[in-house]
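Each remark here refers to the structure printed beneath this line.
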Amino acid sequence: MSLTIYNTLHRKKEIFEPIKPPHVGMYVCGPTVYGDAHLGHARPAITFDIVFRYLMHLGYKVRYVRNITDVGHLVNDADAGEDKIGKKARLEELEPMEVVKYYTDRYHKNMDQLNILHPSIEPTASGHMIEQIEMVRKIIENGFAYEAKGSIYFDVEKYNKDHNYGKLSGRKIEELRENTRELAGQEEKKNSFDFALWKKADPTHLMHWPSPWSEGFPGWHMECSAMGAKYLGETFDIHGGGMDLLFPHHESEIAQANAANGHDAVKYWMHNNMITVEGQKMGKSLNNFITLDEFFSGNQEKLTRAYSPMTIRFFILQAHYRSTVDFSNEALQAAEKGMKKLFETVKLINNLQVSKTSSVEVQPFEALCVKAMDDDFNTPIVLAHLFDLSRIINQVNDGSATLTAKDIEFVKSLYNTWLIGLLGLHDEKGEDDSQLVEYLMGTILELRASAKVNKDYATADKIRDELAKLNIQIKDTKDGAKWGFK
RNA sequence: GGUACCGUGGCCGAGUGGCUAGGCGGUGGUCUGCAAAACCAUUCACGGCGGUUCGAAUCCGUUCGGUACCUCCA
């Protein structure tokens, strides 16, 4: 059995064979830091976190690069020619890099909450201008780009003579030609489907850099090509991102790599599917655009209550990454219950009755989990196996099944490896312990107070003595009992 | 309109030719001072039509429906 990955390039599952084992290079398109992270950011982050964890588990030395896009993207057609981050900056009268820092920090906080491992390298587009300009230069040199009024465009038609522009997305250049829309700035291009490698900045543009062609900014496909090549080499193993990036972003990356270096950069293209909210696309205009912070706080009108980061993570893992996943309060609450149940049984493992023999076989579960994961990271199946195993634990706890000490130890390590290590889930209950302790002590002190009122001093003293053993001291004051740690 | 993906039980969601997915919910039971949890049993399925096959949720055709992309939007 070996790991298979669905390669979008060939529309089928392929056995994973690294280019230079034991090393694996993986590049994933990261966020544009101009707003708070939402579910659309959580999905790829979690998907490729699982890939990252599993590859390391298999013993590979993985370099995982996930970029931060901090330059040069547009708000929408109404704001054509305006930098996405620049626009936000002017609205709020902030320096662009101040906006970048603010949202980058918030993104990192959300990712930590979701228990997503940090990538090995997290390069920024603004920090790699030289590399991007250099790559544009190479593409021009090789004859696949042209200049128009200080901007550089990729000549798709010319490229397509010897290469296949559309091999990833299944598009044909003839069809693209028919689907032309009238857009500002189009007249600079030879063909509507040509894309910018370098764009001259207009005077209102806040973020711009010098280049051989103009004061401007790089085209939006450039950073991934340039930074992927810089940190992972001209060819590397995995490139990931959302399905929405398939065209034109990743298609254009392929074209750029071939135009610059004469060959593909990526062996396996992986794409996670999209997220819907109550069956609808998530969009600001639809009022179902929910940020991660809003999920965690429950402070959004679509949400009936808050959902913890682990609930979100669990819910996403309960669907395969190539399926769409639909968010609703009902579905989230079901996921939350299931996850809690799973962690309840995990806690039972330490207190199970040890038997001389096992009435059920637990050893096969390891292979089952491996099989599921090897099959294109099928996390829902892994979870299903863990649920099956949890029933066995409950049965042992109930006395209707038995396990040897060795098997109990095995089960424990299985959960540690799979549930906690590879799926990256953990029990959140302990996290608000202090609040819980406050509450518990309140209840206990009330009981003791009513015992004292009933002159049941034996009970009152017993409570005080037992708590003392736990290093908790009770002080009877005029205003009632207080407590503290000794 | 083009390209790609998808349509599974009350809900979410696996499954690619024959063998129980799993979770949540529902129902009955065991346990229990009551409740909860747990355990046991059980309910509900593969959009429609046609085809291939001994046999299809799984393959093929067709139709209907959904989603995403088709813009210098991750």
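In terms of this note's numbering, the first sequence opens at residue 1208 and continues consecutively.
Here a beta-carbon is modelled for each residue, glycine too, at the ideal position from N, C-alpha and C.
| task | Using 10 angstroms around the beta-carbon of isoleucine 1222, count the other beta-carbons present and answer buried if the total reaches 16, otherwise exposed. | result | Start at 1 with the first residue of the first sequence, and residue 1222 comes out as number 15. Taking every protein chain shown into account, the CB of isoleucine 1222 has fewer than 16 other CB atoms within 10 angstroms, so this residue is exposed.
| query | Using a Cβ-Cβ cut-off of 6 Å (strictly less than) and excluding sequence neighbours within five positions of leucine 1510, which residues of its own chain qualify? | reply | Mapped onto the first sequence, residue 1510 falls at position 303. For leucine 1510, where only same-chain residues beyond five positions count, there are no Cβ hits under 6 Å.
| Comparing alpha-carbon positions, which option in Phe1617, Thr1239, Pro1330, His1264 lies nearest aspartate 1581? | One-based indexing of the first sequence puts residue 1581 at position 374. The option with the nearest alpha carbon to aspartate 1581 is His1264.
| said: By the three-class DSSP mapping on this structure, what secondary structure does asparagine 1465 have? | reply: In the first sequence, counting from the first residue as 1, residue 1465 sits at position 258. It is helical.
| What is the rounded straight-line gap between the Cα of asparagine 1604 and the Cα of valine 1569? | As a position in the first sequence, residue 1604 is number 397, starting the count at 1. As a position in the first sequence, residue 1569 is number 362, starting the count at 1. The alpha-carbon atoms of asparagine 1604 and valine 1569 are separated by roughly 15 Å.
| Coil, strand or helix - histidine 1415 by DSSP | Your numbering for residue 1415 matches position 208 in the first sequence. If DSSP states are grouped into helix, strand and coil, histidine 1415 belongs with coil.
| field | Strand pairing of histidine 1264, partner residues [DSSP] | value | As a working note, residue 1264 is residue 57 in the first sequence. Partner(s): none; histidine 1264 has no beta bridge.
| Around the Cβ of aspartate 1401, are there at least 16 other Cβ atoms within 10 angstroms (buried) or fewer (exposed)? | As a first step, residue 1401 is located in the first sequence; it is residue number 194 there, counting from the start. Aspartate 1401 comes out buried.
| query | Beta carbon of aspartate 1256, beta carbon of leucine 1301: below 7 Å? | reply | Position 49 of the first sequence, counting from 1, holds the residue named residue 1256. Position 94 of the first sequence, counting from 1, holds the residue named residue 1301. No.
| request: Check whether the Cβ atoms of alanine 1403 and glycine 1426 sit closer than 7 Å, and answer yes or no. | output: On the first sequence, residue 1403 is found 196 positions in, with the first residue counted as 1. On the first sequence, residue 1426 is found 219 positions in, with the first residue counted as 1. Yes. Within cutoff.
| Among all the DSSP beta bridges, which residues are the ones paired with threonine 1684? | Counted from its first residue, the first sequence places residue 1684 at position 477. DSSP, once it has assigned bridges, lists Gly1687 as partnering threonine 1684.
| request: Mind checking which residues open and close the beta strand (DSSP E) that includes aspartate 1533? | output: Translated into the one-based positions of the first sequence, residue 1533 becomes position 326. Unbroken beta strand (DSSP E) run through aspartate 1533: 1532 to 1534.
| query | I think valine 1240 touches tyrosine 1314, with their Cβ atoms under 8 Å apart; what is that distance to the nearest whole Å? | reply | For the purposes of this step, residue 1240 is taken as residue 33 along the first sequence, with counting starting at 1. For the purposes of this step, residue 1314 is taken as residue 107 along the first sequence, with counting starting at 1. At roughly 6 Å, the Cβ-Cβ gap stays under 8 Å, so valine 1240 and tyrosine 1314 are in contact.
| Below 8 Å, can you find three or more Cβ-Cβ pairs linking the stretch 1542 to 1560 to the stretch 1239 to 1253? | no
| field | Whole-angstrom C-beta distance between aspartate 1614 and serine 1657, which should lie under 8 Å | value | Against the first sequence, residue 1657 aligns to sequence position 450. Against the first sequence, residue 1614 aligns to sequence position 407. No, serine 1657 and aspartate 1614 are not in contact; Cβ-Cβ is about 47 Å, not under 8 Å.
| said: Here's a check: name, in chain order, each residue in its chain whose Cβ is nearer than 6 Å to the Cβ of alanine 1462, leaving out the five neighbours to either side. | reply: What you label residue 1462 is simply residue 255 of the first sequence in a count that begins at 1. Around alanine 1462: Tyr1366, Tyr1372.
| contact_flag[the stretch 1246 to 1253, the stretch 1510 to 1528] where n(CB pairs < 8 Å) is 3 or more | yes
| Would you call the stretch 1533 to 1551 and the stretch 1329 to 1349 in contact, with 3 or more CB pairs under 8 Å? | no
| query | Among Gly1247, Gly1232, Tyr1310, His1415, which residue has its Cα nearest to the Cα of phenylalanine 1496? | reply | Within the first sequence, numbered from 1, the residue matching residue 1496 stands at position 289. Checked all of Gly1247, Gly1232, Tyr1310, His1415; the closest Cα to phenylalanine 1496 is Gly1247.
| Considering only C-alpha positions, which residue in the set Asp1362, Gln1487, Glu1501 is nearest to glutamate 1395? | Position 188 of the first sequence holds residue 1395. Answer by Cα proximity: Asp1362.
| message | Cutting at 8 Å between CB atoms, please list the residues of its own chain near glutamate 1305, excluding the five before and the five after it. | response | On the first sequence, residue 1305 is found 98 positions in, with the first residue counted as 1. So the list reads Ala1296, once near-sequence residues are dropped.
| field | Neighbourhood of leucine 1590 by C-beta distance below 7 Å, restricted to the same chain and skipping five residues each side | value | Taking the first residue of the first sequence as 1, we reach residue 1590 at position 383. So the qualifying residues of the chain are Leu1524, Gln1525.
| task | Select from Met1477, Phe1424, Asp1634 the residue whose C-alpha is nearest the C-alpha of proline 1410. | result | As a first step, residue 1410 must be located in the first sequence, where it is residue number 203. With distances taken between Cα atoms, proline 1410 lies closest to Phe1424.
| said: If contacts are defined as beta-carbon pairs under 8 Å, then tyrosine 1234 and phenylalanine 1443 qualify, I think. What distance do you get, rounded to the angstrom? | reply: Taking the first residue of the first sequence as 1, we reach residue 1234 at position 27. Taking the first residue of the first sequence as 1, we reach residue 1443 at position 236. 7 Å between Cβ atoms; contact.
| said: Output needed for valine 1358: all residues of its chain with C-beta closer than 8 Å, excluding positions within five of it in sequence on either side, in chain order. | reply: Looking up residue 1358 in the first sequence gives position 151. Residue 1358 is actually serine in this sequence, not valine. If the five residues before and after serine 1358 are omitted, its C-beta is found closer than 8 Å to the C-beta atoms of Glu1395, Ala1403, Trp1405, Lys1406, Lys1407, Trp1420, Ser1421, Gly1423, all from its own chain and listed in chain order.
| message | With a threshold of 7 Å on Cβ separation, who are the neighbours of tryptophan 1476 within its own chain once the five nearest residues in sequence on each side are excluded? | response | Start at 1 with the first residue of the first sequence, and residue 1476 comes out as number 269. Same-chain partners within the cutoff: Asn1214, Thr1215, Leu1216, Leu1375, His1446, His1457.
| task | Would you identify the three-state DSSP class for glycine 1695, choosing helix, strand or coil? | result | Not covered by the structure: residue 1695. The range shown for the chain is 1208 to 1693.
| said: Let me confirm a value: proline 1326 is counted as buried when at least 16 other C-beta atoms fall within 10 Å, else exposed. Which label applies? | reply: Numbered from 1 along the first sequence, position 119 holds the residue referred to as residue 1326. With 16 or more Cβ atoms within 10 Å of its Cβ, proline 1326 is classed as buried.
| query | Taking the continuous beta strand (DSSP E) assigned at threonine 1211, which residues delimit it? | reply | Position 4 of the first sequence, counted from the start, is the residue given in the question as residue 1211. From DSSP, the beta strand (DSSP E) with threonine 1211 extends over 1211 to 1214.
| query | Would methionine 1450 pass as a contact of histidine 1478 if the rule is Cβ separation under 7 Å? | reply | Position 243 of the first sequence, counted from the start, is the residue given in the question as residue 1450. Position 271 of the first sequence, counted from the start, is the residue given in the question as residue 1478. Cβ distance < 7 Å, so methionine 1450 and histidine 1478 count as in contact.
| task | Taking the CB atoms as reference points, tell me whether leucine 1262 and valine 1272 lie closer together than 7 Å. | result | Residue numbering aside, residue 1262 sits at position 55 when the first sequence is read from its first letter. Residue numbering aside, residue 1272 sits at position 65 when the first sequence is read from its first letter. Here leucine 1262 is not near valine 1272, since their CB atoms are 7 Å or more apart.
| task | Could you give the DSSP three-state label for alanine 1287: helix, strand or coil? | result | Taking the first sequence and counting its residues from 1, one reaches residue 1287 at position 80. A caution first: alanine 1287 carries a pLDDT of 42, below 50, which makes its placement in the model too unreliable to give a value.
| query | Between the beta-carbon of glycine 1232 and the beta-carbon of leucine 1439, is there less than 7 Å? | reply | As a first step, residue 1232 is located in the first sequence; it is residue number 25 there, counting from the start. As a first step, residue 1439 is located in the first sequence; it is residue number 232 there, counting from the start. Closer than 7 Å, so yes.
| request: From the DSSP output, in three-state form, read off methionine 1477 for me. | output: For the purposes of this step, residue 1477 is taken as the residue at position 270 of the first sequence. Methionine 1477: strand per DSSP, three-state reduction.
| message | Quick check on glycine 1505: buried or exposed, where buried means 16 or more other Cβ atoms within 10 Å of its Cβ? | response | Here residue 1505 corresponds to residue number 298 of the first sequence, with the count starting at 1. The residue in question, glycine 1505, is exposed, as its Cβ has fewer than 16 Cβ neighbours within 10 Å.
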